[in-house]
Amino acid sequence: MRSTATRSPRATSQCNPKRLGKPCRLVPRFLTVCLFVCLFVYLFIYSFFPTLTPHTSLSLIVYTTEPRPAGTAASGVSPPSIPSPPGTTTPIMPRERFHQALAGPPLRGGLRGGAAGPGGARMSGKEGSGGFRKRKHDNFPQGQKKEEKENVNPSSPLMTSFKSFQLELDTRHDKYERLVKLSRDITIESKRTIFLLHRFTSAPNGEEILNESEVKLDGVRRKIKQVAQELIGEDMYQFHRAISPGLQEYVEAASFQYFIKTRSLISVEEINKQLVFTAEDREETTNTTSSPQDKQPHTWSLKVTPVDYLLGVADLTGELMRLCISSVGNGDIDTPFELSQFLRQIYDGFTFIGNTGPYEVSKKLYTLKQSLAKVENACYTLKVRGSEIPKHMLADVFSSKTELIDQEEGLS
Amino acid sequence: MSVSAMFVALQGVLTADQDVREEIRKVVQALEQTAREILTLLQGVHQGGGFQHIPKKCQKAREHFGTVRTQMESLKTKFPADQYYRFHEHWRFVLQRLVFLAAFVVYLESETLVTREAVAEILGIEAERERGFHLDIEDYLSGVLTLASELARLAVNSVTAGDYSRPLRISTFINELDSGFRLLNLKNDSLRKRYDGLKYDVKKIEEVVYDLSIRGLNKEATGGVAGEK
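In the order they appear, the protein sequences are chains A and B. For the first sequence, UniProt numbering begins at 1 and goes up steadily by one. For the second sequence, UniProt numbering begins at 1 and goes up steadily by one.
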């Protein structure tokens, strides 16, 4: 605050006379008058308010912002004739004021310290003889302020307990952030696995791709293991929101792979069975033995909640739809029918659950319906025209057909 | 396992979950009712004549907390002990309210900030997660922040009622609280939003203290207190 008070006059006095020079001589004069007025206003306020500030440190924010517009307005009279000063002086004000308006916790602390410290010191040094000010000082004993400061000493029970809260909250937030990061990694890796598996239909070396996907999924599982380790001795639901997206994506990838391998839906139990980890190296063993909750010291597991599983399966249907369309493109006639059968089963399952589940489930149900409609339309087209069109031309028919469907969706 | 069988099983899980939530909701409603009763009782201290009856009112509020404890007991039985955070949202609000009430009672009695352990004891729950149904730290802090705004009100009303020394004590207390909260690194969550409101409470109380000081009323108050002593 003081810095702007000193900075703005200096800035204007340095550049104005030089730049203005001859063209208009009245303006510098006017400026100096303005400057004096500004200085006077600031001096007045700063000599007057420090007496009040120790106890109205917050109202200070209000008081000191008020004269500011006056200051900017006074210097704002001249700018029209001067090209450079507006660029140099005015930005300082709004930025300062902006910070003040923002005056969140840390800044306010600084403000208060500044108001009580230098303001008070300046006051007593400069104008200690001011009668009415002195009286107020009596009413406003410095001792009380000191007392407050002493009360806030770091060893009071309140402060010590807040320090422990700080530690606790920080640990919790750190853990949460770590989990969010892991969850994101899991999501990315799972997505890559899914893309890899989409290539399965077009590539001739299917086995190879399945093996590769298995390796990738193992990588994902290693990440999930880290998550499980983070959650040892914790309430999983406390951090559920951090890991839920990753788990859903994992369910999607794992169930997609499972479907390609076995043409059936993976169960929750199956997924959870894959997420039981055993210790691999020494460091992890020490971790597990220290956790009191595990009955078997060498394994720990992460359970995918039914809701996460459901949401993952709902995402799976989207992938299956894409698989269906692309398999037609490859001239595979049987897969679409098989897929539509399978999707219908899942859709029936979801309608059975209906509104019992949480909100997200019903939301995904809508997407599922759309995917199913696409697949069913594709099957219809295949059935009607499939016999007429030679196999090598099917791909073209379908690419146009699916585009059509996409357009319809965009419209609706 | 066929797809439909899987979904039937899942549906069973979801229905069970909903039943549990329904049960919890019932108990939480009862808790909210009790909390409202305590609040109504304590609001009496803001009235002009209420300041003389503070000890009596606290006594009564303490009795009500007995009801809270029994309701908490029944809440604990409604869900598996290790799934506290799964259903946390249900009682979060009422728990914060109860923390505030307990903190208010304790402040009125002793003019100190209630510790987390003490609140947990008043409400009949645990302070640490490991020991069962506990008081989440964020809920505790939110409750304390509600106390701050209530004290700002109390400072104003105590001046109206002619008690000029109380605002000064409240000011000291709130300042200490404020510097305590400033130690915390809050995330941009609901607690942070509540905390951002604290500065207005501080401001309000400082204004009251300023008004008293500028008129020399605080001296009178300390003199009066000394006279009483």
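Note that beta-carbon positions come from the ideal geometry of N, C-alpha and C, so glycine has one too. Treat the numbers as computed from the prediction; the structure is a model and nothing was measured.
When DSSP labels each residue in this structure, what does residue i get in the three-state scheme?
i: A:S213; result: helix
i: B:E111; result: coil
i: B:E128; result: coil
i: A:S301; result: strand
Whose C-beta lies closer than 6 Å to the C-beta of residue i among residues of the same chain, with five residues either side of it excluded?
i: B:V105; result: C58 and A61
i: B:L108; result: I54 and C58
i: A:V243; result: For clarity, residue 243 of chain A is Ile in the given sequence; the question names Val instead. Contacts found: L179, S183 and V227.
i: B:G48; result: A161
i: B:T146; result: F100
Verify the CB distance criterion: does residue i have a CB-CB separation below 8 Å to chain A?
i: B:M6; result: yes
i: B:N185; result: yes
i: B:V3; result: yes
i: B:I137; result: yes
i: B:L14; result: yes
i: B:R69; result: no
i: B:E109; result: no
i: B:L113; result: yes
i: B:L141; result: yes
i: B:D82; result: yes
i: B:R131; result: no
i: B:V20; result: no
i: B:Y164; result: no
i: B:G180; result: yes
Would you say residue i reaches chain B, if we count a Cβ-Cβ gap shorter than 8 Å as a contact?
i: A:F165; result: yes
i: A:E230; result: no
i: A:L302; result: no
i: A:D170; result: yes
i: A:D235; result: yes
i: A:G357; result: yes
i: A:I260; result: no
i: A:G349; result: yes
i: A:S161; result: yes
i: A:F337; result: no
i: A:L247; result: no
i: A:F256; result: no
i: A:L265; result: yes
i: A:L310; result: yes
i: A:I346; result: yes
i: A:L365; result: no
i: A:G119; result: Because the pLDDT of A:G119 is 38, which lies under 50, any placement of that residue in the model is unreliable, and the question is left without a value.
Excluding sequence positions up to five away, which residues of its chain have a Cβ less than 7 Å from the Cβ of residue i?
i: A:S255; result: L265, I266, G312, V313 and L316
i: A:I224; result: I186, Y250, L275 and L302
i: B:A35; result: V94, R97, L98 and L101
i: B:G143; result: Q96, V99, F100 and A103
i: residue 451 of chain A; result: Absent from the structure is residue 451 of chain A, since the part of chain A shown begins at 1 and ends at 412.
i: B:K78; result: V20, E23, I24 and V27
i: B:L141; result: L191
First and last residue of the alpha helix (DSSP H) that includes residue i?
i: A:F342; result: D334 to I353
i: B:F173; result: R166 to R182
i: A:L368; result: Y359 to R385
i: B:Q83; result: Neither: B:Q83 is in no alpha helix (DSSP H) and is coded neither H nor E.
i: A:T356; result: It is not in any alpha helix (DSSP H) - A:T356 carries neither H nor E in the DSSP assignment.
i: A:S267; result: First-last for A:S267: undefined, no H or E at that position.
i: B:F7; result: V3 to Q43
i: A:Q257; result: H240 to T262
i: B:N157; result: I137 to T160
i: B:R215; result: No alpha helix (DSSP H) contains B:R215, which DSSP labels as neither H nor E.
i: B:H64; result: I54 to K76
i: A:I325; result: P306 to G329
i: B:Y195; result: S190 to D196
i: B:L186; result: Here B:L186 belongs to no alpha helix (DSSP H), and DSSP marks it neither H nor E.
i: A:L231; result: Looking at the DSSP string, A:L231 is not in any alpha helix (DSSP H), and its letter there is neither H nor E.
If you follow the beta strand (DSSP E) that residue i is in, where does it begin and where does it stop?
i: A:T278; result: V276 to T278
Under 8 Å Cβ to Cβ from residue i, same chain only, skipping five residues before and after it: list those, please.
i: A:K175; result: E230, E234 and F239
i: A:V384; result: none
i: B:I205; result: L151, A152, A155, P167, I170, S171 and I174
i: A:N355; result: S362
i: A:Q257; result: T193, L197, L210, S213, E214 and L217
i: residue 230 of chain B; result: The shown model of chain B, from 1 to 229, leaves out residue 230 of chain B, and the question about it has no answer.
Could you tell me whether any Cβ in chain E is nearer than 8 Å to the Cβ of residue i?
i: A:Q341; result: The structure shown contains no chain E; its protein chains are A and B.
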